[in-house]
Amino acid sequence: MDDFAKTSRRAFLRGSAAVAAGSVAGTAAAQDAPDPLITELQDWATFTGYGVDETPYGLPIKYEDDVVRRNVAWLTASPISSINFTPIHALEGTITPQGCAFERHHSGAIELTKDDYRLMINGLVDRPLVFTYADLERLPRENHVYFCECAANTGMEWAGAQLNGAQFTHGMIHNMEYTGVPLRTLLAEAGLDAAGDLSDKWVYVEGADASSNGRSIPMEKALDDVLVAFKANGEALRMEHGYPVRLVVPGWEGNMWVKWIRRMEVTDAAVESREETSKYTDVYEDGTARKWTWEMDAKSVVTSPSPQMPITHGTGPLVISGLAWSGHGKITRVDVSTDGGANWQTARLGKQGDTKALTRFYLDIEWDGSPMFLQSRAIDETGYVQPTKEALREARGENSVYHNNCIQTWYVNEEGVAENVEVS
Amino acid sequence: MSKSLNLFAPALGGTALIVGVAYGISTKNYGAQTIENLEAQLASSQAGAETASAKVQAADAEITELMAERDALEAAVASGGGLTQPAPASDAPFNLGREALPEEVAAWDVDVLPDGRGLPVGSGDVWTGEEVFVEQCASCHGDFAEGSGNWPVLAGGFGTLADEDPVKTVGSYWPYLSTAFDYINRSMPFGAAGTLSADDTYAIVAYILYSNDMVDDDFVLSNETFLDVEMPNAGGFVLDDRAELEYAHWSAEPCMSDCKETVEITMRASVVDVTPETEEEASAEHSMAEPETETEMAAEAPQEAEVVEAAADPALIEAGQGVFRQCQSCHEIGAGASDRTGPQLNGIIGRTIGGVDGFRYSNVFKDAAETGDVWTAEALDAYLADPRAAMPGTKMSFRGLRNPEDYAALLAYLQSAGAE
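Chains V and X, in that order, are what the protein sequence lines are. Going by this note's numbering, the final residue of the first sequence carries number 424, and the count climbs one at a time with no gaps. Going by this note's numbering, the final residue of the second sequence carries number 1420, and the count climbs one at a time with no gaps.
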């Protein structure tokens, strides 16, 4: 069996299993015999279910246990300094549940209590300050939905189609509703008179974990929309996302969203930490590298159908569902192609997009069973159009690792099985 | 303190103000429009048949509800997409937080800038650096900083940045030496960050420079000589220029139809076949592979039993010494062994779990020590196979023996080297 056939068989297993189990879930085809699910008394309709004291904090029902984060073991030497991926192929809407939102740690996720938490502001400030967690809860707060995307999302795809699944190609992203204090409020508490002219100043931020993951943020951004957040999707941050407090740097690469944030220093120069020199700099074809590439450019991907989400219902109505986002503001339009970029149709946006947040898009079609090359192309409020892979490669080569926002192609065959491909 | 607000007034205060005003206006206008609409609706419904008045009333109520919903939506859009209106800015501080003491700032503010600011007083030479490096770093980064397995390479790679697979090391890629000092001082060794002395850090950095052929073996690095070192790739970086080089070209109205003549597959992920398998697939494959594994284990089992009893096969002990390389970045064993990232391992079989006085164990080890349980060969096997599964919460940041079959040899070595 050739490789593609093997993959097809694997991917198709789920679909064919469903077929074998009787009528395909959700497809109400004409029946010869009455459906026993309807005509016979079912256990759940006669016995009682679980009581309200059963699950003080619930997890998804067991039938959804394949909707989980996954990692790619060969990517890194140790799972402690590594990354896993959000199962975006299986999620809908725009908000990412915390429990399956991707994680990236440089020295593992730490357990830090609110009582042991301290936040220091020092450097070129009028009064170096130390805040406790309780202090932060007393400052005026805001709620915002923002996406957080690792700069390396889709990074494995520069040299060619590699990973077979939207989770692996595009899953270094999550989108949550954050509650936090604007960073500018905290800086104002410490006082910025000592900093003088603010236009060339920086705020260097670092975490309490062993990696410290220091990053330098230009003052203009720090005073704009950066949040010092302590809640996500209404509840406390999860350990793996920086409990009790993390930085939220809207539209900018995930590495700057320092977790377990413990110190912010106003400086007159970028620190040029390891995470902004050795890493998170983009090497181009001639060997020079671009640095301080903070913004995440507009990007989109079809999440279903996709390699982990084959079409199992045969021909007829098909929902093409996907996500789009831009670090420069709102998504204003998404186009979808089913023929590899020859012809495009403008998709329906699931909801008026928020700025620097995920936008859901849909294209509802009648699938006639012929093979498709699915692509999506995002346009943001600046007019920027998501580029093709060729355009990106032409501009940057294949070695930059980070900031790959190319148009993705899924090949869907007659059976509905999808594969990650590149097309001419 | 109000400086920030002044300087970025157009960007910040300004937007907030404009948004605020726009919000006010739009709600007012919208309110007026809504009322007008509703009145029109009402008028038209009243003009309808009197008998349908109940129906009409219900329809009106529905319209009102819809309008309220649209108002809320409009307001959310007006406030800039955020879910709350901006937090109030205030010129008077809230007076929360307390003054940071100088000792506290000194303890946390250890970053080093490219111009050398932040460097502690100290020095270290290449030879000392080699010693410390081999002891504390080589297990992951190789004796000569050349890297091992998937762990980062720290030396070499010169002239490869334009190749297909650039090798980015401290020597070939890093633009500033300050970054190496800063990072190693704070974040390495992995699993014992923040434990290096200033002198040792200078020595290690000197050794890494030496491994990169950037200095001679008599080189001494100190806060005074620091800026003398030239980094080969210092000029290799440009600031983000996507705005000029890319955004300008990628903002035209895109083609919508007949954009290509042919669409052919040029590459497919299934050919590379590096995607991890999902659980069901993995277990299916596992069960296929099982017979093989079983025979392997059966072949090795008697050998292992023999070893535990005899515990003195020199070849096996030697093999075990090799395996112990995975441990030696954190553990010492033998005469004079002391605690490092992990406790010393002398006489480990039969020793109380978490029993080394003065070592700062994790809670799970502290609890184990309280029960007085001792290490058995079996318990240690389980712990080393998967530390976090066997002792949840252990602070040993070791992912488990790379090859579980190595345990017999490792055990032989631990028992021989750590015999008291």
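Beta carbons are placed, not taken as given, at the ideal position from N, Cα and C, and that holds for glycine.
8 Å or more divides the Cβ of X/Met-1267 from the Cβ of V/Val-67. A check of alpha carbon separations from X/Asp-1258 across V/Glu-285, V/Gln-345, V/Glu-206, V/Thr-409 identifies V/Gln-345 as the nearest.
Interface residue (Cβ-Cβ distance to chain X less than 8 Å): V/Ile-80 is classified as such. For V/Thr-185, a Cβ of chain X is located within less than 8 Å of the residue's own Cβ. Boundaries for V/Gly-350: no beta strand (DSSP E) harbours it, and the DSSP string shows neither H nor E there.
One thing to note: X/Gly-1320 has its Cβ within 8 Å of the Cβ of X/Leu-1410. For X/Arg-1098, the nearest CB of chain V lies under 8 Å from its own CB, placing it at the interface with that chain. With contacts defined as CB atoms closer than 8 Å, X/Asp-1406 and X/Val-1323 qualify as a contacting pair. Contact between V/Leu-183 and V/Leu-227 is confirmed by a C-beta separation of about 7 Å, below the 8 Å threshold.
In this structure, V/Asn-153 is the residue among V/Asn-175, V/Asn-153, V/Met-176 with its C-alpha nearest to the C-alpha of V/Gly-165. Using a CB distance cut-off of 8 Å, X/Tyr-1207 does not count as an interface residue toward chain V. Residue state for X/Pro-1387 is assigned as helix, using DSSP reduced to three classes. Excluding sequence positions up to five before and after V/Phe-102, its CB lies within less than 8 Å of the CB of Arg-69, Ile-83, Asn-84, Phe-85, Thr-86, Cys-150, Gly-171, Met-172, Ile-173, His-174, all in the same chain and listed in chain order. Short of 7 Å from the beta carbon of X/Val-1153, and not among the five residues preceding or following it, lie these beta carbons of its own chain, in chain order: Glu-1146, Gly-1147, Val-1167, Thr-1169. DSSP, reduced to helix, strand and coil, places X/Cys-1330 outside both helices and strands of the structure shown, so it counts as coil. For V/Leu-247, the enclosing beta strand (DSSP E) begins and ends at 246–248.
In terms of beta-carbon proximity, X/Thr-1195 stays away from the interface with chain V, with every pair separated by 8 Å or more. Looking at the backbone, the Cα of V/Pro-317 and that of V/Asp-364 are separated by about 7 Å. Not flagged as an interface residue toward chain X: V/Glu-414, since no C-beta distance is shorter than 8 Å.
Residue-level contact by beta carbon fails for V/Gln-31 and chain X, as no gap is shorter than 8 Å.
Shortest Cα-Cα distance from V/Glu-206 to any of V/Thr-382, V/Val-271, V/Arg-238, V/Tyr-133 involves V/Val-271. A straight-line Cα-Cα distance of about 21 Å links V/Ala-378 and X/Val-1263.
The distance from the Cβ of V/Gly-155 to that of V/Pro-305 is about 24 Å, inconsistent with a contact at the 8 Å cut-off. Membership of X/Tyr-1413 in the alpha helix (DSSP H) is indicated by the continuous run 1407–1417. Around V/Phe-373, the beta-carbon contacts reaching into chain X at under 7 Å are Val-1263. In this structure, V/Lys-330 is the residue among V/Ile-80, V/Thr-338, V/Lys-330, V/Trp-367 with its C-alpha nearest to the C-alpha of V/Leu-349. At least one C-beta of chain X is nearer than 8 Å to the C-beta of V/Ala-188. For V/Glu-265, the C-beta contacts it makes with chain X under 8 Å involve Asp-1109, Asp-1111, in order along the chain. Per DSSP, reduced to three states, the secondary structure at V/Arg-360 is strand. V/Asn-84 is bridged by DSSP to V/Asn-71. Any Cβ of chain V closer than 8 Å to the Cβ of X/Thr-1179 would place that residue at the interface, and such an atom is present. Taking V/Ser-212 as reference, the option from X/Thr-1225, X/Val-1215, X/Tyr-1183, X/Arg-1340 with the minimal CA-CA separation is X/Tyr-1183. Scanning V/Thr-94, V/Tyr-57, V/Leu-59, V/Ala-30 for the CA closest to the CA of V/Phe-361 turns up V/Thr-94.
Look at V/Lys-291 here: in three-state DSSP terms it is strand. For V/Glu-142, the closest Cβ of chain X is nearer than 8 Å. Note on X/Pro-1314: under 16 other CB atoms within 10 angstroms of its CB, so exposed under the neighbour-count rule.
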